[in-house]
Amino acid sequence: MNGNDLSTAIRNCLGEFTSYSDELGELDRALGDGDLGITVSLGAAAVEEALAVLPADSTPAEVVLACAKAFANANPSTMAALVAGALLAGSKVWGASTSLADGQIGAFAVAAAESISQRGKSKIGDKTILDAMFPAADALVNAAAGESALDAAINAAEAGVIASKELQSRRGRASWLQERSIGLQDPGATAFLRFLQSWKATNTPAALITAGENTK
Amino acid sequence: MKKIINEPSAFVDEFVEGILLAHPRLLKTPGEDRRVLVRADAPVAGKVGIVTGGGSGHLPLFKGYVGRGLCDGVAIGNVFSSPSSAQVLEATKAVSGGAGVLYLYGNYGGDVFNFDLATDMAELEGIATLTAVGRDDVASQPKERAADRRGVAGIMFAFKAAGAAAERGDSLEQVAAVAEDIINNTATMGIGLSPTILPTTGKASFDLDDGEMEVGIGIHGEPGFHRGAVETADRIAETLMERLVADLGITAGARVAVLVNGMGATPLEELYLLFRRVHQLLTEQGITIDKNYIGEYATSLEMSGASISLLALNDERLALLNAPAESPFFKEA
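So the protein lines, in turn, are chains A and B. Heads up, the first sequence is in the UniProt record's numbering, so the first residue is 1 and it goes up one at a time. Heads up, the second sequence is in the UniProt record's numbering, so the first residue is 1 and it goes up one at a time.
Set out below in structure tokens:
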């Protein structure tokens, strides 16, 4: 997959992803300050705009850099800054590669999750986006030969979202709710799951990440 | 709500425009975005740049500390809201003189995330950055969690000292070390008597009954550790000083700088009442005041109240405080 393929896949995905912005906004109203729906819809629109004007010969890392800048500038929210930092950390893994092998997708996801963990001073079990992201990144890295790594990642993320419902929020505004946060579904983790599901729904076949041709 | 404002949503842009019109000799905006101010001679070739930033509503914090011998640039957020990473990056590029840029701001989540993201962006532009965050509010976390404390008025000492270090030609690592040294030796605590009213909502940031005060309050009206009847100026000074002196661990023979800061709507007279008692208390303990600041250095719009900051001094820190500096809001001859 070269930069142009990646840019097309992201744009394909974003239309579907923003259809979840009401759901994400509602979840965030219960646990946070309710701005996640706006962050997602404004951010996605800004990303689409930025990718539309990016030269077709851009590297995958340049595509992600453009996404990160656009997403952060669209909305100076904490979530946007964390996601943009994660995208930048992930893109560093790719360096100047002009074409991505599948192993590089997993390495990107791991670096992105670690960036959020470090910047957000959060770990798995704190009831954040990381409860979906770390398991999904692991699944991408470790998918069995022949298995769709994307399917494995979606399953892992979904399991993380469900498991984290019963946890108490430890970070951000949600932590102020203390035990009242138990039972509520984390909006950040849900957003990550919805992104993966949108990717699968709009990019067929999921040739993008199939472990069979893994070069790791 | 009674305020001297126009359209509430234009509040920040309009006061920034006023500052620029009033002080063209000292300040400029480097591009289209009026939410970025830099000193008029930026970038200074070969000098470490210092970029600060944060929410509006705290003048002279943060914009007031941009000038010679202080910070080089500031990214300006909405009232009590972080600036964007793009604004921090624009300030960074505008003040970069080739020796790197220090980010120096208060420890608040949104600001930390946006400045951290700006460090990534600056790296892509080939600008080296280091970060030091003010965390002087001793009421916000106990000593063992000092790294998580909020940054309040005492960050002024760090602006002054790091600015002086940059001006004399220190390297980025040295300027950052000066800022850290000051931050680690600064302690602040405040009390609030009446709340801030946000221009956009017209609502008070917290409720406080007549005759009550909040001890340990933050500069956005964050609750402190005690709410009770308003006490005398002397008693307030004693309460705050007991905690500050203990937190810094200073004893007889120590030297300090003292900052008595008004929160926005407290008369200077009352600040001098506090300083009087601070002076008496320190003198009784054998601690010398080598430098003092009394006035408004970090406010919270029209909150009434005050904070006291102490900086434990040595010769190096005092020399940096005494070095010349000039901004529209701060002068050291």
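Even for Gly, the Cβ is constructed at its ideal location relative to N, Cα and C.
Residues that Gly110(B) contacts on chain A, provided the C-beta gap is smaller than 9 Å = Position 110 of the second sequence, counted from the first residue, corresponds to residue 110(B). By Cβ distance, chain A contributes Pro76, Ser77, Thr78, Ala81.
request  = Alpha carbon to alpha carbon, how far is Pro223(B) from Thr52(B)? Give it in angstroms, no decimals.
outcome  = In the second sequence, the residue the question calls residue 52(B) occupies position 52. In the second sequence, the residue the question calls residue 223(B) occupies position 223. Near 25 Å, if we compare the C-alpha coordinates of Pro223(B) and Thr52(B).
inquiry  = Which same chain residues end up closer than 6 Å to Leu117(B) when comparing Cβ atoms and leaving out the 5 residues on each side of it in sequence?
reply    = As a working note, residue 117(B) is residue 117 in the second sequence. Contacts found: Ser85.
inquiry  = I need the straight-line Cα distance from Ile155(B) to Asn203(A), nearest angstrom please.
reply    = As a working note, residue 155(B) is residue 155 in the second sequence. As a working note, residue 203(A) is residue 203 in the first sequence. Rounded to the nearest angstrom, the two C-alpha atoms are 51 Å apart.
request  = Excluding the 5 residues preceding and the 5 following Ala33(B) in the sequence, name in chain order all residues of the same chain whose CB lies nearer than 7 Å to its CB.
outcome  = Taking the second sequence and counting its residues from 1, one reaches residue 33(B) at position 33. Sequence check: residue 33(B) is Asp here, not Ala. Short of 7 Å from the beta carbon of Asp33(B), and not among the five residues preceding or following it, lie these beta carbons of its own chain, in chain order: Gln87, Glu90.
task = Check whether the stretch 203–216 of chain B touches the stretch 224–237 of chain B, taking contact to mean three or more Cβ pairs, one atom from each stretch, closer than 8 Å.
result = Yes, they touch.
key: Nearest-angstrom Cα separation, counted from Ile38(A) out to Lys5(A)   = One-based indexing of the first sequence puts residue 5(A) at position 5. One-based indexing of the first sequence puts residue 38(A) at position 38. Note on residue identity: the sequence assigns Asp, not Lys, to residue 5(A). Cα to Cα, the separation comes out at about 27 Å.
Burial state of Ser9(B) (16 or more Cβ within 10 Å) = As a first step, residue 9(B) is located in the second sequence; it is residue number 9 there, counting from the start. With a threshold of 16 other beta carbon atoms within 10 Å, Ser9(B) falls short and is exposed.
task = Consult DSSP for Ala109(A) and reduce its assignment to one of helix, strand or coil.
result = Position 109 of the first sequence holds residue 109(A). Ala109(A) falls in the helix class under three-state DSSP.
task = With Thr232(B) as the anchor, note down where its alpha helix (DSSP H) starts and where it stops.
result = Here residue 232(B) is taken as the residue at index 232 of the second sequence, counted from 1. Following the DSSP letters along the chain, one finds Thr232(B) in no alpha helix (DSSP H), marked with neither H nor E.
query = What's the call for Asn292(B), buried or exposed, on a 16-neighbour Cβ count within 10 Å?
reply = Sequence index remark: in the second sequence, residue 292(B) carries index 292 (1-based). Here Asn292(B) is exposed, its C-beta having fewer than 16 other C-beta atoms within 10 Å.
task = Could you name the residues of the same chain whose beta carbon sits closer than 6 Å to that of Val44(B), not counting the 5 residues immediately before and after it, in chain order?
result = Position 44 of the second sequence, counted from the first residue, corresponds to residue 44(B). Counting only Cβ-Cβ distances below 6 Å, and skipping sequence neighbours, we find Gly97.
request  = Alpha carbon to alpha carbon, how far is Asn114(B) from Ser82(B)? Give it in angstroms, no decimals.
outcome  = Counting from one through the second sequence, the residue named residue 82(B) turns up at place 82. Counting from one through the second sequence, the residue named residue 114(B) turns up at place 114. Roughly 7 Å between the two C-alpha positions.
inquiry  = In this structure, how does DSSP classify Ser9(B) when only helix, strand and coil are distinguished?
reply    = Residue 9(B) sits at position 9 when you count from the first residue of the second sequence. Residue state, collapsed to three classes: helix.
request  = Could you name the residues of chain A that Phe15(B) contacts, counting a contact when the two beta carbons are closer than 9 Å?
outcome  = For the purposes of this step, residue 15(B) is taken as residue 15 along the second sequence, with counting starting at 1. Within 9 Å Cβ-Cβ: nothing; Phe15(B) doesn't reach chain A, min ~19 Å.
ask   = Within the 7 Å Cβ cut-off, does Ala91(B) reach chain A?
value = As a position in the second sequence, residue 91(B) is number 91, starting the count at 1. Among the CB atoms of chain A, none fall inside 7 Å of the CB of Ala91(B).
query = Using the rule of at least 16 other Cβ atoms within 10 Å of the residue's Cβ for burial, across every protein chain shown, is Leu196(A) buried or exposed?
reply = In the first sequence, counting from the first residue as 1, residue 196(A) sits at position 196. That one is buried.
query = For a contact meaning CB atoms closer than 7 Å, what does Asn73(A) contact in chain B?
reply = Residue numbering aside, residue 73(A) sits at position 73 when the first sequence is read from its first letter. Neighbours of Asn73(A) on chain B, chain order: Ser84, Ala86.
query = Using a Cβ-Cβ cut-off of 6 Å (strictly less than) and excluding sequence neighbours within five positions of Ser175(A), which residues of its own chain qualify?
reply = Taking the first residue of the first sequence as 1, we reach residue 175(A) at position 175. Cβ neighbours of Ser175(A) beyond the five flanking positions: Ser169.
ask   = DSSP beta-bridge partners for Cys71(B)?
value = For the purposes of this step, residue 71(B) is identified with residue 71 of the second sequence, where counting begins at 1. According to DSSP, Cys71(B) bridges with Val66(B).
query = Which residue from Ala128(B), Phe80(B), Phe275(B), Ile219(B) puts its Cα closest to that of Arg135(B)?
reply = Taking the first residue of the second sequence as 1, we reach residue 135(B) at position 135. For Arg135(B), the closest alpha carbon among the candidates Ala128(B), Phe80(B), Phe275(B), Ile219(B) is that of Ile219(B).
ask   = Counting only beta-carbon atoms, is Leu20(B) nearer than 7 Å to chain A?
value = Numbered from 1 along the second sequence, position 20 holds the residue referred to as residue 20(B). Not one chain A Cβ lies under 7 Å of Leu20(B).
query = Among Thr201(B), Gly221(B), Leu130(B), Val152(B), which residue has its Cα nearest to the Cα of Ala177(B)?
reply = Stepping through the second sequence from its first residue, residue 177(B) is reached at position 177. The shortest C-alpha separation from Ala177(B) is found at Leu130(B).
inquiry  = Please state whether the Cβ-Cβ distance between Ser205(B) and Gly192(B) is less than 7 Å.
reply    = Position 205 of the second sequence holds residue 205(B). Position 192 of the second sequence holds residue 192(B). No, the pair does not count as a contact, with Cβ atoms beyond the cut-off.
inquiry  = Suppose you measure from the CA of Thr299(B) to the CA of Ala132(A); what does that come to, to the nearest Å?
reply    = Taking the first residue of the second sequence as position 1, residue 299(B) is located at position 299. Taking the first residue of the first sequence as position 1, residue 132(A) is located at position 132. Separation of Thr299(B) and Ala132(A) (C-alpha to C-alpha, rounded to the nearest whole angstrom) is 41 Å.
inquiry  = Against Asn114(B), what residues of chain A qualify as contacts under a CB-to-CB distance less than 7 Å, listed in chain order?
reply    = As a first step, residue 114(B) must be located in the second sequence, where it is residue number 114. Close partners of Asn114(B) in chain A (Cβ separation under 7 Å): Pro76, Ala81.
inquiry  = Looking at Gly73(B): is its Cβ nearer than 7 Å to the Cβ of Val38(B)?
reply    = On the second sequence, residue 73(B) is found 73 positions in, with the first residue counted as 1. On the second sequence, residue 38(B) is found 38 positions in, with the first residue counted as 1. In terms of Cβ geometry, Gly73(B) and Val38(B) form a close pair [threshold 7 Å].
query = How about Arg170(A): is its C-beta nearer than 7 Å to some C-beta of chain B?
reply = Here residue 170(A) refers to the residue found at position 170 when the first sequence is read from its first residue. For Arg170(A), no Cβ of chain B is located within less than 7 Å of the residue's own Cβ.
query = Which of the three DSSP states, helix, strand or coil, is assigned to Arg255(B)?
reply = Taking the second sequence and counting its residues from 1, the one referred to as residue 255(B) is at position 255. In the displayed model, Arg255(B) falls within a strand according to three-state DSSP.
query = Of the choices Ala156(A), Gly120(A), Ala86(A), Gln118(A), whose alpha-carbon is the least far from that of Ala107(A)?
reply = Within the first sequence, residue 107(A) is the residue found at index 107, counting from 1. It is Ala86(A).
task = Could you list which residues in chain B have their beta carbon closer than 9 Å to that of Arg119(A), in chain order?
result = Residue mapping note: residue 119(A) aligns to position 119 of the first sequence, counting from 1. Scanning chain B for C-beta atoms nearer than 9 Å to the C-beta of Arg119(A) yields Val112, Phe113, Asp116, Leu117, reported in chain order.
ask   = From the DSSP output, which residues share a beta bridge with Thr288(B)?
value = Here the question's residue 288(B) lines up with position 288 in the second sequence. Note: Thr288(B) sits in a beta bridge opposite Arg255(B).
query = How long is the line joining the alpha carbons of Glu296(B) and Ser56(B), rounded to whole angstroms?
reply = As a first step, residue 296(B) is located in the second sequence; it is residue number 296 there, counting from the start. As a first step, residue 56(B) is located in the second sequence; it is residue number 56 there, counting from the start. Distance between the alpha carbons of Glu296(B) and Ser56(B): 15 Å.
According to DSSP, residues forming a beta bridge with His226(B) = In the second sequence, residue 226(B) corresponds to position 226, counting from 1. Beta-bridge analysis with DSSP links His226(B) to Val215(B).
message = I want to see whether chain B comes within less than 7 Å of Gly3(A), judged by CB atoms only; does it?
response = Indexing the first sequence from 1 puts residue 3(A) at position 3. Chain B contact via Cβ: absent.
task = Determine the direct distance from the alpha carbon of Gly262(B) to that of Leu26(B), and round the result to whole angstroms.
result = Counting from 1 along the second sequence, the entry for residue 26(B) is found at position 26. Counting from 1 along the second sequence, the entry for residue 262(B) is found at position 262. The alpha-carbon atoms of Leu26(B) and Gly262(B) are separated by roughly 25 Å.
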